[in-house]
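Written out below as structure tokens is the structure these notes cover.
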Amino acid sequence: MSEHLLSLIIFIPLIVAAGVFFIPNDKTLLIKQVTLVATLVQLTLSLILFLSYDGSFIPSNWNDAFLFVEKTDWIQVRLGQYGVFVIDYFVGVDGISLPLVVLSAFLLVIGVVSSWNLKEKVKGYFMLYLLLSTSIIGCFVALDLFLFYVFFEFMLLPMFFLIGIWGGPRRSYASIKFFIYTLLGSLLILIVMIGLFISVEDTQKALELAEQSGRIELVHSFSMVQMMEGTYIYDSLLAPSSDVTIFDIPVRYWAFILLMVGFAIKLPVVPVHTWLPDAHVEAPTAISVILAGILLKVGGYGFFRIAYGIFPDGAIEYAFPVACFGVISIIYGGFAAMAQSDLKRLIAYSSVSHMGFVMLGLASLTYEGVAGSLFQMISHGLISGALFLIVGVVYDRTHDRKIENVSGLASKMPAYTFFTMLFFFASLGLPGFSGFVGELLSLIGGISAETVNGLFPRWLGMIAVFGIVISGAYYLWTAQRMFFGKYWTREESWDVKMKDLDVREWIMLVPLAVLVLLFGIVPGWILDPVDNSINFFVDQVLASGREIINNY
Amino acid sequence: MLKVQLEQIIDQLTFLRFEMALVIGALLLLVVGLISKKPVVHRVGFAAILVFSLFVDFGILETQTILSGSLQIGPLESYMKMLFAAFAIWIVFYPSARKQLPEFYFLMLSMVIGSSFMVSANHLLVAYLAIELTSFTSYIITNFNLQKKSFEAGIKYLIFGGVSSAVMLYGISIIYGIGGGLEIHSLYLHDSDPFLAFGILALLGGLFFKVSVFPFHIWTPSAYQEAPTDAVAVLSVVPKVAGFVLLHRVLGMIDPDVFTWVTPMLIFAGIGTLLVGTLGALGQTNIKRLMAYGAVAHSGLLLGCLFVTGDLGVAAFAWYTLIYAIMNLALFHVVAVFEERDITSISQLAGLGKTQGYFGGLIVVIMLALVGLPPTAGFTAKFYLFSALWSEFQVGADYYLLAFLIISVLTVVFSLFYYFRTPYYYFLKSGSGDDYPSIDLSHKIFATILVVILLWFFLSPEILNNIVLNFNAVDW
């Protein structure tokens, strides 16, 4: 089983979705149970994956950096003198994708529990949910760029309908805005993908094919490993030796910029973040959890694996702008969050702010920074997921999310207040919670980059520190307005509805709280297994990036 | 001498078996139409003729010119003709086919005949005649609903078409006068004569009209809106594809080093087509009109295939045409199903998702394919085209081409916006969908088949690719 573990994790939801199709519409409980079981199986398998992942080896190059690799032929298109275009079903994990897979599987289970009370069009919802689950996991483990792109694009469709059909009052506007923004991003990625596969060759595959057909052909490969290893065709446009420029910027740098913009839309980074608050506010709670917890991480993962992995020269050349945009996101997102009166919108903007740390840490290309960046993605996945559940709790009861409409909830809902405060503190980076570790490491990276590798000046990281102060301000202010003081609600009829957490909500919040605390106290549980991968990533990006810059 | 020529002509007639089968079949169908008034007879007859012609079309493996160089036949031409016939067969399954007159099928057949000659034409006069045959058929077909509005659209189409073919004929006569011949493959225009340049421009203008390329696309939306839907399906694929093949052949006789304006003009026309199609579609509320603008945008992409030299260009074109044909077949089938229930504007689709979920799912896949998103063959076709354009750019570093590539990629975003209006209203808007009569099982099956094909070509494109490999750039 272990050799097909990844495929099982990807495709179990898809198979179950096909099964759900044949369940009659009115058996809603059965549909929910089947979906829950499918996601639980997915989680179990990904935990097995995590536990059996042996991160103790130090890879020598990208070819042996991945474990649990599955590689089979998928599409081979021959085109005369243009050679063969090879698309493989090629999946595998390394220390960067592994934690994200486990995080996704975990949050997908939480999402099912959170949508347990859904009553309308249950079958359609859970089928789309399962499709979404397949494409998310597929995205994180795909090592063939074409496969990655297919999963990446396919994610949009279920999301569009999940927001558009089951969302809030302005759902149709929000869903189409989400779709168009992220499609624009993925089209930028598509342009680069086309350029890349035309520029990359796979000589080993060429030999294999030659044995079958008897003649040597040029093999164009979509394999990300080949792209990261830099096996470019000599005179191709995206080869390091290429001297073609557009508006005086080399094509390789353009490719890096396009990729960064494409993934930045997904992350999201200021100024292309405007779809996020709308999508979050209108999405149902479970979908908000998935959106904030996982989908944003796909953008971050794209930075790691594709933009930085394949274009290390761009990563070094543009470290300063990337870090700048990170810091702008941190500060702008923080201030924007402070100005919100809608609790869900506030958390959406705080996501923008926290994702800025991912960018800052990654741009620093120091061990601490990159590890912090990855850790921040995991920790933010847990915390923001939990925060959206927290919003869902109050929204379920009152159908209102305005901060000023309630106050003094602490006396009426003590358990709810406890969890809210816990996640607020985790999110603002209090020591002992996972948010602290991620932000601290990213900031260390951001501040030390000047001395370690001189990519960008120290003051950038120092400005970013204010982001934590701002997040402290808006969280504490919100907590004070909503939970403390005299108990009051805008409408008296809400009094009976303001019951404390029920069993389902406990089930969702307790594991998240435990994990957030656990990773805050022993971050090594995540960082130790992936340590070698991160160090390898940093060394490789710096070494090959400098080599390309110096040689060409 | 004459006898030898005559014998040669008789010998070579076997290569025209596809067209002959269609011509004889079309005439028979007219006669049958006089005897029997049962629509089912006409439908079956129409399908039988096309199936028969499909079978006789096999077996042309080598490219050659016949009948003193006036026609060219070969694997690519053969493929295109089979595509036309196979495409036209499917319209008998459309819901509107139930009430069509025998004359309708006669006209459809003559459109296929005209288009086959267009694909084969290697002589400017043959090309002209073939274009006129399809055009006249199209003028009549546009009026076939016999309503005042369709009359208006038909007249508009007729006047534009008449002017454009007059201009084209003028261009041909200039080319004959200065270039010294009419046979396309033996002509090579390389005199930098401004008159000749005008002649070329006039000829290209006439062809642009046929394939609805900017700025000669204006007839398309109203003609598509008013013509019977099954005719629109044929109109949007068969003559258009034939026109592009002919356009490519005509472009082959122009020396790009002398007429340096031709390539940039083509690229600008392509960009203009893309923009006009996508931007025009944004504000439409009528389904057929919206899809007509979408078809204009697709014309821009098909034109893009012609910018790619070499085998890659042919491959991209053959790919795109086939997948475009399947997508349009499915699309207009869905449109016809709606039209049968008097749904013509998009807002009337509101709330149908509640009762017709499965059919809606099929629509989503079709729209995904038209936008060009995975996992559908529409993505593969676009991907192929973009890759071909990129490698062409890599060879020539032509920045116009890069601009075309970037704009064609970006128009995908807009096309998402207008193509997804259909599923958007279908699923996301609430309306009075409850009293909607259920859709026949046969239509669901039909649409499912096409959708499965669209998905299947994405997952394993090798089969299609093996066909495409038979064509090479020298021949087309």
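Taken in sequence, the protein lines are chains A and B.
Mapped onto the numbering used here, the consecutive letters of the first sequence carry residue numbers 1 to 552.
Mapped onto the numbering used here, the consecutive letters of the second sequence carry residue numbers 553 to 1028.
Glycine residues also receive a C-beta, built at the ideal position from the N, C-alpha and C atoms.
This structure is a prediction, so every number in the text was calculated from the model and none was measured.
- Your pair A/ARG252 and A/GLY302 does not check out as a contact, with CB atoms roughly 17 Å apart and the cut at 8 Å.
- Secondary structure note for B/TRP871: its alpha helix (DSSP H) is the uninterrupted segment 863-892.
- Straight across, the Cα-Cα distance linking B/MET660 with B/LEU574 is about 11 Å.
- When DSSP states are grouped into helix, strand and coil, B/GLY912 belongs to the helix group.
- As DSSP reads the structure, A/SER221 sits in a beta bridge with A/VAL86.
- Just so you know, the alpha carbons of B/MET879 and B/ALA921 end up roughly 7 Å apart.
- When the five nearest sequence neighbours on each side are left out, the beta carbons in the same chain lying within less than 7 Å of the beta carbon of B/PRO975 are those of GLY912, ILE915, VAL916, MET919, in order along the chain.
- Here the stretch 458-466 of chain A makes no contact with the stretch 387-394 of chain A; the two share fewer than three CB pairs at distances below 8 Å.
- For A/LEU389, the uninterrupted alpha helix (DSSP H) segment begins and ends at 367-398.
- A/ILE378 places its beta carbon less than 9 Å from that of A/PHE519.
- Residue-level contact by beta carbon holds for A/VAL77 and chain B, with a gap shorter than 9 Å.
- Contact between the stretch 771-782 of chain B and the stretch 698-706 of chain B is present: 3 or more CB-CB pairs across the two stretches fall below 8 Å.
- The beta-bridge partner set that DSSP reports for A/ILE246 consists of A/ILE249.
- Under the criterion of beta carbons closer than 8 Å, B/VAL860 and B/ALA821 do not qualify as touching, at roughly 16 Å.
- Across the set A/LEU276, A/ILE347, A/PRO523, the C-alpha of A/LEU276 shows the shortest separation from the C-alpha of A/PHE179.
- Secondary structure at B/VAL964: helix, using DSSP grouped into helix, strand and coil.
- In chain order, GLY435, PHE436, GLU439, ILE468 place their CB closer than 6 Å to the CB of A/GLY429, counting only its own chain and leaving out the 5 sequence neighbours on each side.
- DSSP places A/TRP494 inside the alpha helix (DSSP H), whose first and last residues are 494-497.
- Contact with chain B is absent for A/GLY214, since none of that chain's Cβ atoms lies less than 9 Å from the residue's Cβ.
- Contact between B/ILE612 and B/HIS675 does not hold, since their C-beta atoms are separated by about 19 Å, which reaches or exceeds 8 Å.
- For A/ILE10, the closest Cβ of chain B is not nearer than 9 Å.
- Check the Cα spacing between A/SER350 and each of A/MET359, A/MET338, A/ASP278: the tightest is with A/MET338.
- At the C-beta level, A/ILE31 and A/LYS119 stay beyond 9 Å of one another.
- With respect to the 9 Å criterion, B/LEU957 and B/PHE935 are not classified as neighbours on the basis of their beta carbons.
- Rounded to the nearest whole angstrom, the C-alpha separation of A/GLY392 and A/ILE10 is 28 Å.
- When A/ALA239, A/PHE90, A/ASP73, A/GLN33 are compared, the shortest CA-CA separation from A/MET127 is found for A/GLN33.
- Within a 10 Å sphere around the beta-carbon of B/SER687 sit 16 or more other beta-carbons, which makes this residue buried.
- For A/PHE68, the enclosing beta strand (DSSP E) begins and ends at 67-78.
- For the 9 Å CB-CB criterion, B/GLY757 and B/SER716 form a contact.
- By the neighbour-count criterion, in which a residue is buried when 16 or more other Cβ atoms sit within 10 angstroms of its Cβ, A/ASP88 is buried.
- Positions of the alpha helix (DSSP H) runs, each at least 4 residues long and wholly inside the stretch 301-357 of chain A, are given as 312-317, 319-338 in order along the chain.
- A check of alpha carbon separations from A/ALA464 across A/ASP73, A/TYR234, A/VAL327, A/LEU527 identifies A/VAL327 as the nearest.
- As computed with DSSP, B/GLN616 is found in a beta bridge with B/ILE625.
- Contact annotation: in the stretch 182-203 of chain A, residues whose CB is within less than 7 Å of a CB in chain B are LEU183, LEU184, LEU187, LEU190, ILE191, ILE194, GLY195, ILE198.
- Exclusion of the five residues before and after A/VAL538 leaves LEU365, THR366, TYR367, VAL370 as the residues of its chain whose Cβ lies within less than 8 Å of its Cβ.
- Assigned with DSSP and collapsed to three states, A/LYS402 falls in strand.
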